[in-house]
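Visitor: Chains as they are written, first to last, in the numbering used here: chain G, 319 to 508; chain L, 319 to 508.
2 protein chains.
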Amino acid sequence: MTRMVRRLIPISHCNVCGTPVETKIPPGDTHSRAVCPACGHIQYQNPKPVVGSVPEWEDGRILLCRRAIEPRRGFWTLPAGFMENGETAAEGAAREALEEANARVQIGDLYTFYSLPHISQLYVFFRSRLTDLDFSPGEESLEVKLFTEREIPWEELAFASVTRTLEHFFADRKAGRFIARAGDIRPPER
Amino acid sequence: MTRMVRRLIPISHCNVCGTPVETKIPPGDTHSRAVCPACGHIQYQNPKPVVGSVPEWEDGRILLCRRAIEPRRGFWTLPAGFMENGETAAEGAAREALEEANARVQIGDLYTFYSLPHISQLYVFFRSRLTDLDFSPGEESLEVKLFTEREIPWEELAFASVTRTLEHFFADRKAGRFIARAGDIRPPER
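1. With 8 angstroms set as the bound, which would you pick, yes or no: does the beta-carbon of residue 332 (chain G) sit closer than that to a beta-carbon of chain L?
2. Among L:429, L:365 and L:501, whose alpha-carbon lies nearest the alpha-carbon of residue 401 (chain L)?
3. Within 10 Å of its beta-carbon, does residue 322 (chain G) have 16 or more other beta-carbons around it, so buried, or fewer, so exposed?
4. Is the beta carbon of residue 350 (chain G) closer than 8 angstroms to that of residue 406 (chain L)?
5. Here's the rule I'm using: 16 or more other beta-carbon atoms within 10 Å means buried, otherwise exposed. How should residue 503 (chain L) be labelled?
6. Taking the CB atoms as reference points, tell me whether residue 372 (chain G) and residue 445 (chain G) lie closer together than 8 angstroms.
7. Nearest by alpha-carbon distance to residue 435 (chain G): which of G:344, G:496 and G:508 is it?
8. Residue 426 (chain G): which of G:496, G:329 and G:506 sits nearest, CA to CA?
9. Which of helix, strand or coil does DSSP assign to residue 321 (chain G)?
10. Report yes or no: do the segment 414-424 of chain G and the segment 368-388 of chain G share at least 3 C-beta pairs separated by less than 8 angstroms?
11. Name the DSSP bridge partner or partners of residue 398 (chain G)?
12. Using three-state DSSP, classify residue 466 (chain G) as helix, strand or coil.
13. Which value, in whole angstroms, describes the spacing of the CA atoms of residue 500 (chain G) and residue 410 (chain L)?
14. Should residue 361 (chain L) and residue 333 (chain G) be called a contact, given that it needs their Cβ atoms to be closer than 8 angstroms?
15. Tell me whether the beta-carbon of residue 464 (chain L) lies closer than 8 angstroms to the beta-carbon of residue 375 (chain L).
16. Mapping DSSP to helix, strand and coil, what is residue 479 (chain L)?
17. Residue 412 (chain G) and residue 498 (chain L): beta carbons closer than 8 angstroms?
18. Looking at the C-beta of residue 400 (chain L), does it have a partner C-beta in chain G at a distance below 8 angstroms?
19. Residues of chain G with CB under 7 angstroms from residue 396 (chain L), in chain order?
20. Examine chain G for any beta-carbon lying closer than 8 angstroms to the beta-carbon of residue 403 (chain L), and answer yes or no.
21. Could you compute how far the alpha carbon of residue 506 (chain L) sits from the alpha carbon of residue 478 (chain L)?
Here's what the structure looks like:
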């Protein structure tokens, strides 16, 4: 599931016992939390990891998906989505390629890592090898397609994390070595 | 705040309206979620990112903290803790050095990235430079201390992510180049 936006709705009730919560800094903590005055349960909120990959076919083309859902419907993206509990980042990245593009990939090295503090998300991309050409649009894609470097629709990419990852990828491939990179993405980039 | 274990308590109530939730796969989704039958709110749960760094002093020694809290009280760790909403991974890693060791660090390159699927956590370590020697134990540390490679208490390290990160670090430093690495950690490793 790639639903990229999950609205941050303020927590108003305890999710263990249902009592209205208080917002305060618990003893020994440094940040304000939703604390239950009845059962004491604290609801922590942390940035959500989004995991994906750069699926490369043996001829060097890259698999992109055109988004069928908001945000950025109609724009192109690398297969990526929210990491699920109980899976590894690499498993999540492979699952997303399968869900969005019915594509089987072999996940390789960690490649890019971006913080998006304004929406409390982390983007993580691995390099990957597409293992066959039997792909097709998943429920959240309008179209899935292989692109040479010159064919990449740079102006129609959905997210800055995708643009930056692909820019690094083609530069590194040209240079004959891939270097993992981390950075931050803030508005007006998206 | 480094509280490394936050018990995964089953969600039983909607945290928006307080109604008891149903556990089911929402339309268009692939995973079971806590769905509110009254207001429709879905509570997603995702792996939590833990961010930290390998603080290196100018003579090559590394700053470690001896944990004052469970789990692994009394064992040594690199300064690290749960990433907070609204911050970047690098900001979180710097904050943790300050909170756990009253230490100021300059965060450098991304270094290691581990998935711990059995506890739904991601560990991310950056390399960092300790900027001065005016450090001291924070609330969650019994002791903070600089270690040469030979002095590292390998048998008394708190977490596998810390052990692996330090092993890579010293090997890479010897080799004269640092390579970012990703991997998975599963039981019996901790």
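By construction, the Cβ of each residue, glycine as well, lies at the ideal position given by its N, Cα and C atoms.
Guide: Reading off the structure:
1. yes
2. L:365
3. The pLDDT assigned to residue 322 (chain G) is 43, lower than 50, so where the model puts this residue is not dependable; a value taken from the coordinates is nonetheless given after this. Counting Cβ neighbours within 10 Å, residue 322 (chain G) comes out buried, since at least 16 surround it.
4. no
5. buried
6. yes
7. G:508
8. G:496
9. Residue placement at residue 321 (chain G) cannot be trusted, given a pLDDT of 48 that sits under 50; what the coordinates show is reported in the next sentence. Residue 321 (chain G) falls in the coil class under three-state DSSP.
10. yes
11. G:370
12. coil
13. 14 angstroms
14. yes
15. yes
16. helix
17. no
18. yes
19. Neighbours of residue 396 (chain L) on chain G: none; closest Cβ ~17 angstroms, over 7 angstroms.
20. yes
21. 10 angstroms
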